[in-house]
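Peer 1: Residue numbering for the sequence shown is 1 to 261, as defined by our numbering.
Built from N, CA and C at the ideal position, the CB exists for glycine as well.
Below is a structure I'd like to ask you about.
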Amino acid sequence: MLWPERGHALIRNLVEAGKQTDLIDLGVAELGAGERLDLEREGETAVVVLSGVVDVRFGETDLGTAGGRASVFEAPGDTVYAPPGRLELTAQTYARLVITSAPLADLPPAQARIVRPEDQRIAEVGAGNWLRTVRTILGPEHRAGRLLIGETINPPGNWSSYPPHKHDTHEPPREVKLEEVYYFDIEPAGGFGIQLQYQGEDEDEKCYTVRSGDTATIKSGYHPVVAAPGYQLYYLWVMAGEGREMIPYLDPRYRWIQFPS
1 MLWPERGHAL
11 IRNLVEAGKQ
21 TDLIDLGVAE
31 LGAGERLDLE
41 REGETAVVVL
51 SGVVDVRFGE
61 TDLGTAGGRA
71 SVFEAPGDTV
81 YAPPGRLELT
91 AQTYARLVIT
101 SAPLADLPPA
111 QARIVRPEDQ
121 RIAEVGAGNW
131 LRTVRTILGP
141 EHRAGRLLIG
151 ETINPPGNWS
161 SYPPHKHDTH
171 EPPREVKLEE
181 VYYFDIEPAG
191 GFGIQLQYQG
201 EDEDEKCYTV
211 RSGDTATIKS
221 GYHPVVAAPG
231 YQLYYLWVMA
241 GEGREMIPYL
251 DPRYRWIQFP
261 S
């Protein structure tokens with residue numbers, strides 16, 4: 001388990017630090033109206049409200065209500081950020097949540113709060129068939145200890161994490177080492193995307209189908225993603241590593257696409 005749950009709802013663990021990753025835990029929970037999820041953890045935590053509405057308490061502090069979107073494709077949503085302590089979420093309606101966490105080590109945590117859409121950095125990135133929407137929920141400019149979190153939406157047939165980039169070597173200002181986890185959703189139901197992962201020109205490539213509810217763990221290498229025609233592809237991305245800078249290294253073979261001469 002990620003953490004002990006003392007409420008009525010349970011977390012379904014998808015990624016566990018020490019197994020698929022070094023730092024990042026990630027799980028999902030579905031709460032019926034009136035159900036509660038209580039979390040205790042030693043690291044910092046972010047709860048992304050995929051859909052539905054939840055009331056949020058951290059310790060003895062009422063943080064308010066989070067959520068409201070019907071799906072991740074409808075609009076940006078709310079995310080609950082919490083430092084070490086006790087976090088309680090009670091569903092007003094049926095709610096789907098992604099819960100992710102990372103250890104702080106000697107890094108200071110930030111204050112518990114709800115990150116609203118107006119607090120996020122939302123931008124259209126790329127061009128043509130690699131245009132996508134990126135919602136940066138916790139970027140380097142936002143208060144947090146180690147976590148970097150956002151949402152990306154690919155239109156049908158479009159690519160993201162493109163030009164292919166990596167962030168597995170700590171050589172600032174050239175590149176900063178961050179492991180990453182993707183959590184996928186597809187609209188309409190039944191669709192798919194393709195996730196590629198490769199190390200370099202002479203290394204074996206991995207290519208596999210991703211569907212709603214799937215995850216990808218990225219500890220090293222380049223990792224572009226494409227949506228199948230006819231289907232929007234969403235992924236929540238979570239990064240943690242050496243500091244909170246986002247400095248990816250572009251594959252030199254394809255860098256020209258973003259920086260044509």
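(1) For the beta strand (DSSP E) that contains lysine 206, what are its first and last residues?
(2) Should glutamate 151 and leucine 236 be called a contact, given that it needs their Cβ atoms to be closer than 7 Å?
(3) Buried or exposed, going by whether 16 or more other CB atoms sit within 10 Å of the CB of glutamine 111?
(4) Can you name, in chain order, every residue of its own chain whose Cβ lies under 6 Å from the Cβ of lysine 219, other than the five neighbours on each side?
(5) Report all residues from its chain with a CB closer than 6 Å to the CB of arginine 143; omit the five preceding and five following residues, and keep chain order.
(6) Would you mind reading off the limits of the beta strand (DSSP E) that contains valine 72?
(7) If I measure Cβ to Cβ from arginine 57 and keep anything under 6 Å in the same chain, skipping five residues before and after, which residues do I get?
(8) Report, in whole angstroms, the separation of the C-beta atoms of glycine 77 and valine 49, which I expect to be a contact under 8 Å.
(9) Which value, in whole angstroms, describes the spacing of the CA atoms of glutamate 124 and aspartate 168?
(10) Below 7 Å between beta carbons: does that hold for alanine 66 and valine 54?
(11) Leaving aside the five residues before and after alanine 75 along the sequence, list all residues of the same chain whose C-beta is less than 6 Å from its C-beta, in chain order.
(12) Leaving out five residues before and five after tyrosine 162 in sequence, what residues of the same chain have Cβ atoms less than 7 Å from its Cβ?
(13) Taking 7 Å as the threshold (C-beta atoms), are glycine 52 and threonine 93 in contact?
(14) Are at least three pairs of beta-carbons, each pair with one atom in the region 198-209 and one in the region 112-119, less than 8 Å apart?
(15) Let me confirm a value: arginine 253 is counted as buried when at least 16 other C-beta atoms fall within 10 Å, else exposed. Which label applies?
(16) Look at the Cβ atom of leucine 31, then the Cβ atom of alanine 102, and state whether they are nearer than 7 Å.
(17) Do you know how far the Cα of alanine 82 is from the Cα of glutamate 44?
(18) Valine 98 to alanine 29, Cα distance in whole Å?
(19) If I measure Cβ to Cβ from proline 155 and keep anything under 8 Å in the same chain, skipping five residues before and after, which residues do I get?
(20) Run through the region 146-211 for me and flag every whole beta strand (DSSP E) of 3 or more residues, listed as ranges in chain order.
(21) Would DSSP call arginine 255 helix, strand or coil?
(22) Spatial neighbours of arginine 121 within its chain, please: C-beta separation below 7 Å, excluding the five flanking residues on both sides.
(23) Pull up the DSSP beta-bridge partners for glycine 85, would you.
(24) Would you tell me roughly how many angstroms separate the C-alpha atoms of glutamate 16 and glycine 193, rounded to the nearest one?
(25) By how many angstroms is the C-alpha of leucine 10 removed from the C-alpha of serine 212?
(26) How big is the Cα-Cα spacing for aspartate 185 and serine 160?
Peer 2: On the basis of the data shown:
(1) Annotation: the continuous beta strand (DSSP E) that includes lysine 206 extends over 205-210.
(2) With a cutoff of 7 Å on beta-carbon distance, glutamate 151 and leucine 236 are scored as near each other.
(3) The residue in question, glutamine 111, is exposed, as its Cβ has fewer than 16 Cβ neighbours within 10 Å.
(4) Excluding sequence positions up to five before and after lysine 219, its CB lies within less than 6 Å of the CB of Glu179, all in the same chain and listed in chain order.
(5) If we look at arginine 143 and ignore the five residues flanking it on each side, its Cβ neighbours are Ala110.
(6) Looking at the DSSP string, valine 72 is not in any beta strand (DSSP E), and its letter there is neither H nor E.
(7) For arginine 57, the CB contacts under 6 Å within the same chain, skipping 5 residues up- and downstream, are Glu88 in chain order.
(8) Contact between glycine 77 and valine 49 holds, with the beta-carbon distance rounding to 5 Å and staying under 8 Å.
(9) Cα to Cα, the separation comes out at about 25 Å.
(10) Yes; because the gap between Cβ atoms is below 7 Å, this pair is in contact.
(11) For alanine 75, same chain residues with a beta-carbon under 6 Å away, outside a window of 5 residues either side, are Arg69 in chain order.
(12) Take tyrosine 162, set aside five residues on each side of it, and the residues of its chain with a beta-carbon closer than 7 Å to its own are Gly126, Trp130, Pro224, in chain order.
(13) In this structure, threonine 93 sits near glycine 52, with a CB-CB distance shorter than 7 Å.
(14) Contact fails: fewer than three Cβ-Cβ distances are below 8 Å.
(15) Exposed, by the Cβ-count rule.
(16) Leucine 31 places its beta carbon 7 Å or farther from that of alanine 102.
(17) Taking the straight line joining both Cα atoms gives about 6 Å.
(18) Straight through space, the alpha carbons of alanine 29 and valine 98 are spaced by roughly 7 Å.
(19) Leu131, Arg132, Ala227, Gln232.
(20) 148-154, 178-187, 193-198, 205-210, all fully within the region 146-211.
(21) Secondary structure of arginine 255 (DSSP, three-state): helix.
(22) Shown here for arginine 121: same chain residues with a beta carbon closer than 7 Å to its own, the five before and five after excluded, namely Thr136, Gly139 in chain order.
(23) Arg41.
(24) Computed Cα separation, rounded: 23 Å.
(25) Pairing serine 212 with leucine 10, the inter-Cα distance amounts to about 20 Å.
(26) If you take the alpha carbons of aspartate 185 and serine 160, they lie about 14 Å apart.
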